[in-house]
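FYI, our numbering numbers position 24 of the sequence shown as 24, with every residue one higher than the one before it. Heads up, the thing below is written out as structure tokens.
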Amino acid sequence: MDRRLALKNIRTGLIAGTVALVILAASFIAAFVY
Numbered sequence: 001m002d003r004r005l006a007l008k009n010i011r012t013g014l015i016a017g018t019v020a021l022v023i024l025a026a027s028f029i030a031a032f033v034y
């Protein structure tokens, strides 16, 4: 397996996970506000 490809996949996964956490946090905040 190419190491560069693996690093790219890890970076993409981290970005996707961060976005998912932000959306989850936003939905929790919206639930508390409403």
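Don't be surprised by glycine CBs; every beta carbon is placed ideally from N, CA and C.
Contact set for residue i: own chain, Cβ-Cβ below 8 Å, skip 5 residues either direction
i    : result
Arg3 : none
Alpha-carbon spacing of residue i relative to residue j, whole angstroms
i     : j     : result
Ala30 : Val22 : 12 Å
Asn9  : Ala20 : 16 Å
Thr12 : Phe32 : 30 Å
Leu24 : Ala6  : 27 Å
Leu14 : Ala26 : 18 Å
Ala16 : Phe28 : 18 Å
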